[in-house]
Amino acid sequence: MATAIKEITIERGKDVRDFSLFVFGGGGPLHGVDLARELRIPKVVIPPEPGNFSALGMLFAEARVDDAQSFIMSVQGLTAAELRSGTAEMKERVRQTLVTDFSAPDVTYEFQAEMRFVGQKHSLRVQFDDQDDGSALRERFFEAYLSRYGHVDRSAPVEIIGMRVTGSAKTERPELAQIQVTKATETPHPREVRAVHYASEGRLDTPVYVRSELPVGFAIGGPAIIEEFGSTTVIGPKDSIAIGAFGQMTVTLGEWGVGK
Numbered sequence: 000m001a002t003a004i005k006e007i008t009i010e011r012g013k014d015v016r017d018f019s020l021f022v023f024g025g026g027g028p029l030h031g032v033d034l035a036r037e038l039r040i041p042k043v044v045i046p047p048e049p050g051n052f053s054a055l056g057m058l059f060a061e062a063r064v065d066d067a068q069s070f071i072m073s074v075q076g077l078t079a080a081e082l083r084s085g086t087a088e089m090k091e092r093v094r095q096t097l098v099t100d101f102s103a104p105d106v107t108y109e110f111q112a113e114m115r116f117v118g119q120k121h122s123l124r125v126q127f128d129d130q131d132d133g134s135a136l137r138e139r140f141f142e143a144y145l146s147r148y149g150h151v152d153r154s155a156p157v158e159i160i161g162m163r164v165t166g167s168a169k170t171e172r173p174e175l176a177q178i179q180v181t182k183a184t185e186t187p188h189p190r191e192v193r194a195v196h197y198a199s200e201g202r203l204d205t206p207v208y209v210r211s212e213l214p215v216g217f218a219i220g221g222p223a224i225i226e227e228f229g230s231t232t233v234i235g236p237k238d239s240i241a242i243g244a245f246g247q248m249t250v251t252l253g254e255w256g257v258g259k
């Protein structure tokens, strides 16, 4: 799992230390803290009812349709009109699908090109504006290449090997409400204290909390175990947690390494 995260962050020029790790599903909270620790990601965010989060996401997601086409085209001398012509049919197919399946009259489009240096095997996906011409698209590719690899040969010829059009439309969806805070909320107490072995500290008496009993604003330092229906989160001895306004639990890591 750590390798997969590196492939979409570090290998694309992103520093994982600038991000929080958002985990969900039954296994996400179980493994997320140690995974973040291994990668030196400073915070882990766990939504309420993490096992149902994918289903919740379907209710809140915008309608989206993608259409892609493969072809080879040089950017040299490419005009904006020719570039728009290359995406016109895909754009219309996307629009028709959104109108037919989602009754969505207002569609927002994004355009991406798969690009590479002539003679190379690997490509980069570059987002562009439908007013761009070949020169502007080449510059976008150079910037993406520089961000990914740290260097770029601006004199080398560049080609497009495919394009993608993404259409999205807002649909009716529920509103995510903050949890109401009541003054009468009592400080939660652990359900039990359990002996737990930690790689960094050895065997420690660890309080076990029921997540549904933790109010907004509740915060403690580790060690702790947070149990809920469908998942469990282990808070290391030097970590801390806090419950946010939407019921999300944020774990702040206090040390690095594997299996702390």
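Residue numbers are given in numbering that gives the first Met the number 0: position 56 of the sequence shown equals residue 55, and the series is strictly consecutive.
A virtual CB, placed ideally from N, CA and C, is assigned to each residue, including glycine.
Beta strand (DSSP E) segment containing R80, residue limits:
Walking along the sequence shown from the start, residue 80 turns up at place 81. The sequence given here places Ala at residue 80; Arg does not occur at that position. Unbroken run through A80 is the alpha helix (DSSP H), A79 to F101; no beta strand (DSSP E).
Measure the alpha-carbon distance for K259 versus S230 and round it to whole angstroms.
Here residue 259 is taken as the residue at index 260 of the sequence shown, counted from 1. Here residue 230 is taken as the residue at index 231 of the sequence shown, counted from 1. Reliability fails at K259, whose pLDDT of 46 lies under 50, so the model's placement of it is uncertain and no value is given.
Sort out for me which residues DSSP pairs M72 with in a bridge.
Translated into the one-based positions of the sequence shown, residue 72 becomes position 73. In the DSSP output, where bridge partners are listed per residue, M72 has I159.
Could you pull the DSSP bridge partners for R202 from this structure?
Counted from its first residue, the sequence shown places residue 202 at position 203. For R202, which the question treats as bridged, DSSP gives the partners H196.
Strand pairing of D65, partner residues [DSSP]
As a first step, residue 65 must be located in the sequence shown, where it is residue number 66. DSSP output for D65 lists T165 as bridge partner(s).
Would you check if the distance between the CB atom of G31 and the CB atom of V43 is smaller than 8 angstroms?
Working through the sequence shown from its first residue, we reach residue 31 at position 32. Working through the sequence shown from its first residue, we reach residue 43 at position 44. Yes, the Cβ-Cβ distance between G31 and V43 is below 8 angstroms.
Coil, strand or helix - M248 by DSSP:
Position 249 of the sequence shown, counted from the first residue, corresponds to residue 248. DSSP places M248 in strand when its eight states are reduced to three.
On the DSSP bridge assignment, give the partners of K42 in chain order.
Within the sequence shown, numbered from 1, the residue matching residue 42 stands at position 43. According to DSSP, which records beta bridges pairwise, K42 is partnered with S19 and T251.
Pair every Cβ in the segment 69-76 with every Cβ in the segment 90-105, then say whether three or more of these pairs are closer than 8 angstroms.
no
The segment 192-203 in contact with the segment 142-151 per 3-pair CB rule at 8 angstroms:
Taking a contact to require three or more Cβ pairs closer than 8 angstroms, the segment 192-203 and the segment 142-151 do not qualify as touching.
T2 lies in the alpha helix (DSSP H); which residues open and close that run?
To locate residue 2, count along the sequence shown from 1; it is residue 3. Counting along the chain, the alpha helix (DSSP H) containing T2 begins and ends at A1 to I7.
Can you tell me whether V257 is buried or exposed, with buried defined as 16 or more other CB within 10 angstroms of its CB?
Mapped onto the sequence shown, residue 257 falls at position 258. Only weak support is given to the placement of V257: the predicted model assigns it a pLDDT of 49, under 50, and the value that follows is read from those uncertain coordinates. Result: exposed.
Can you tell which of V15, F59 and L34 has its C-alpha closest to the C-alpha of P173?
What you label residue 173 is simply residue 174 of the sequence shown in a count that begins at 1. Closest by alpha carbon: F59.
Nearest candidate by alpha-carbon position, reference R163, set G133, I4 and S69
Here the question's residue 163 lines up with position 164 in the sequence shown. Checked all of G133, I4 and S69; the closest Cα to R163 is S69.
On the DSSP bridge assignment, give the partners of G220 in chain order.
To locate residue 220, count along the sequence shown from 1; it is residue 221. BP columns for G220 point to S239.
Just checking my contact of Y108 with G161 at CB under 8 angstroms: how many whole Å lie between their CB atoms?
Indexing the sequence shown from 1 puts residue 108 at position 109. Indexing the sequence shown from 1 puts residue 161 at position 162. Rounded, the Cβ-Cβ distance is 17 angstroms, inconsistent with contact.
Quick one: residues in its chain with C-beta nearer than 6 angstroms to the C-beta of V15, no 5 flanking neighbours on either side, listed in chain order?
The residue labelled residue 15 in the question sits at position 16 within the sequence shown. Contacts found: T8, L38 and I40.
Nearest to D152 (by Cα), restricted to the options E185, R115 and T86
Sequence index remark: in the sequence shown, residue 152 carries index 153 (1-based). Of E185, R115 and T86, the smallest CA-CA separation from D152 is found for R115.
Tell whether a beta-carbon distance below 8 angstroms holds between F245 and Q177.
Residue numbering aside, residue 245 sits at position 246 when the sequence shown is read from its first letter. Residue numbering aside, residue 177 sits at position 178 when the sequence shown is read from its first letter. Yes, the pair counts as a contact, with Cβ atoms nearer than the cut-off.
Quick one: any contact between the segment 19-26 and the segment 212-228, if contact means 3 or more CB pairs under 8 angstroms?
no
State the Cα-Cα distance for the pair G27 and A155, rounded to the nearest angstrom.
Working through the sequence shown from its first residue, we reach residue 27 at position 28. Working through the sequence shown from its first residue, we reach residue 155 at position 156. So the alpha carbons of these two residues sit roughly 44 angstroms apart.
Work out the CA separation of A241 and R36 for me, nearest whole Å.
Within the sequence shown, numbered from 1, the residue matching residue 36 stands at position 37. Within the sequence shown, numbered from 1, the residue matching residue 241 stands at position 242. Straight-line Cα distance between these residues: approximately 18 angstroms.
Cβ neighbour criterion (16 or more within 10 Å) applied to D204:
For the purposes of this step, residue 204 is taken as the residue at position 205 of the sequence shown. Exposed: under 16 other Cβ atoms inside 10 Å.
Rounded to whole angstroms, what's the CA-CA distance from L136 to F52? Just pull it up for me.
Taking the first residue of the sequence shown as position 1, residue 136 is located at position 137. Taking the first residue of the sequence shown as position 1, residue 52 is located at position 53. Going by the C-alpha atoms only, they are around 37 angstroms apart.
Sequence-distant residues of its chain with Cβ nearer than 6 angstroms to R260 (five each side left out)
For residue 260 there is no data in the structure shown, the boundaries of the chain being 0 and 259.
If distances are taken between C-alpha atoms only, which option among V215, S199, G216 and P214 comes closest to I234?
For the purposes of this step, residue 234 is taken as residue 235 along the sequence shown, with counting starting at 1. Among V215, S199, G216 and P214, the Cα nearest to that of I234 belongs to S199.
Pick helix, strand or coil for F116, following the three-state DSSP scheme.
Counting from 1 along the sequence shown, the entry for residue 116 is found at position 117. Looking at F116 - three-state DSSP - the assignment turns out to be strand.
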